[in-house]
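Q: Quick note: the sequence shown uses this note's numbering, first residue 584, plus one each step. Below you'll find the structure I mean.
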Amino acid sequence: MSMRKDYQNLSEDHFFVFQGKNILVTENHSVAGRNAFEQCIDSGTATDYFAEPEQQLAGMMVGNNAQPPEGFKFVPLRSIFAGNHEHSSLAARAHGLLEWRATEHFCRFCGSPLEDDSFFTARTCTSCKKIWFPQIAPCIIVLVKKEDKILLAKHVMRPDFYTCIAGFMEPGETAEECVAREVLEETGIIVKNVRYAKSQSWPFPNQLMLGFYAEYDSGEIRVQEDELAEALWFSPDELPVVPPEGSLAWELIHGIA
């Protein structure tokens with residue numbers, strides 16, 4: 584699969600326009616479509632765009648001050664994950680690739696400019712010809728259960744809600760080992776019976792979230808203070824403010840993942 588500017592033969596509803604972490608939709612929350620995509624090109628508000636004909640996909644990023652075309656509005660991208668929007672996977676792909684394109688301008692090997700590869704969804708060095716592919720960062724997110732309670736934490740950087748323990752995988756470890764390590768590091772809790780639930784692409788900018796359930800084994804809560812402000816056991820019937828619907832955290836907390 585390759586990235587190019589030619590989008591003429593793509594499906595009408597596979598055009599995605601973003602502004603930061605927001606996505607352009609119609610009043611009834613349909614995605615932008617070809618007309619809005621072309622309006623942004625014509626108005627000069629597009630900072631980058633691409634097409635993947637093999638995926639029937641086109642993505643665009645517009646400037647932070649760009650006004651939406653008439654009849655459209657920007658909404659948080661994560662909102663289309665709620666209710667299993669039919670194009671959420673394609674939207675995640677488009678946004679993730681645009682985030683990657685925004686940072687991949689020069690070869691990390693020789694420093695020369697990169698250009699879109701003619702065959703792969705990648706960028707190729709104009710000098711040494713090394714091919715650079717998009718990178719995905721695998722991470723875990725886990726809901727820990729202790730009898731009839733669940734473990735939720737308030738992060739230092741996001742103190743407005745409680746959520747599951749999460750973290751990035753490190754070289755050489757399995758996802759299950761990452762679950763045990765992250766829970767122990769962040770809360771002092773040892774877990775057992777780690778069970779995979781489901782995954783979710785989370786393009787903010789490039790995570791693949793691997794969701795798990797785990798059971799409490801031993802230990803007392805002792806938070807890693809540079810990561811967490813607080814961690815507590817909650818009854819599922821008396822939850823604090825948690826992440827919104829559409830996130831894997833919400834599904835784990837509500838037991839539907």
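Backbone N, C-alpha and C define an ideal beta-carbon position, used for all residues, glycine too. Quick caveat: nothing in here was measured; it's all calculated off a predicted structure.
Assign residue 618 to one of three DSSP states: helix, strand, or coil.
A: Note: residue 618 maps to helix in three-state DSSP.
Q: What is the DSSP secondary structure of residue 750, reduced to helix, strand or coil?
A: Three-state result, residue 750: strand.
Q: Quick check on the DSSP output: the beta strand (DSSP E) that includes residue 791 runs from which residue to which?
A: 790-801 is the span of the beta strand (DSSP E), which, as asked, contains residue 791.
Q: Have a look at 706, 600, 806 and flag the residue whose alpha-carbon is nearest the alpha-carbon of residue 656.
A: Of the candidates 706, 600, 806, the one whose C-alpha sits nearest the C-alpha of residue 656 is 600.
Q: Quick one, are the C-beta atoms of residue 777 and residue 748 less than 8 Å apart?
A: No, Cβ-Cβ distance for residue 777 and residue 748 is not below 8 Å.
Q: Extract the residue ranges of the beta strand (DSSP E) inside the stretch 721-790, only unbroken runs of 3 or more that lie entirely within it.
A: You should have 732-738, 748-751, 773-785.
Q: So, do the stretch 752-761 and the stretch 808-818 have three or more beta carbon pairs nearer to each other than 8 Å?
A: These segments do not touch.
Q: Near residue 772, which residues of its chain fall below 6 Å by C-beta distance, leaving aside the five closest residues on each side in sequence?
A: For residue 772, where only same-chain residues beyond five positions count, the Cβ hits under 6 Å are 766, 802.
Q: What whole-angstrom Cβ distance do residue 677 and residue 642 have, given they're in contact under 8 Å?
A: Right, the Cβ-Cβ distance comes to about 3 Å (below 8 Å), so this counts as a contact.
Q: With three or more beta-carbon pairs closer than 8 Å as the criterion, would you say the stretch 777-787 touches the stretch 828-838?
A: Yes, they touch.
Q: Going straight from the alpha carbon of residue 688 to that of residue 611, what length do you get?
A: The alpha-carbon atoms of residue 688 and residue 611 are separated by roughly 37 Å.
Q: Going straight from the alpha carbon of residue 595 to that of residue 718, what length do you get?
A: For residue 595 and residue 718, the distance between alpha carbons rounds to 28 Å.
Q: Kindly list the residues whose CB is nearer than 7 Å to the CB of residue 682, restricted to its own chain and excluding five residues on each side of it in sequence; keep chain order.
A: Cβ neighbours of residue 682 beyond the five flanking positions: 786, 788, 789.
Q: Excluding five sequence neighbours on each side, which residues of the same chain lie with their C-beta closer than 6 Å to the C-beta of residue 794?
A: Contacts found: 724, 780, 781, 831, 835, 840.
Q: Counting only the same chain and skipping the five closest in sequence on each side, list residues whose C-beta sits under 7 Å from that of residue 804.
A: Here the set comprises 770, 771, 772, 814.
Q: Leaving out five residues on either side along the sequence, give the residues of the same chain with a beta carbon under 7 Å from the beta carbon of residue 759.
A: Excluding residues within five positions, the ones whose Cβ falls inside 7 Å are 777.
Q: Pull the bridge partners of residue 644 from the DSSP assignment, please.
A: BP columns for residue 644 point to 601, 631.
Q: Taking the CB atoms as reference points, tell me whether residue 726 and residue 816 lie closer together than 8 Å.
A: Not closer than 8 Å, so no.
Q: So, under 8 Å CB-CB, residue 607 and residue 636 are touching, yes? Tell me the CB distance rounded to an integer number of Å.
A: Not a contact, Cβ separation roughly 21 Å.
Q: Among the residues of its own chain, which have a CB less than 8 Å from the CB of residue 640, if the five just before and after it don't count?
A: Here the set comprises 593, 597, 599, 634, 673, 676, 677.
Q: Quick one: using the 10 Å Cβ neighbour count with 16 as the cut-off for buried, is residue 605 buried or exposed?
A: Classification of residue 605: buried, given that the 10 Å Cβ count is 16 or more.
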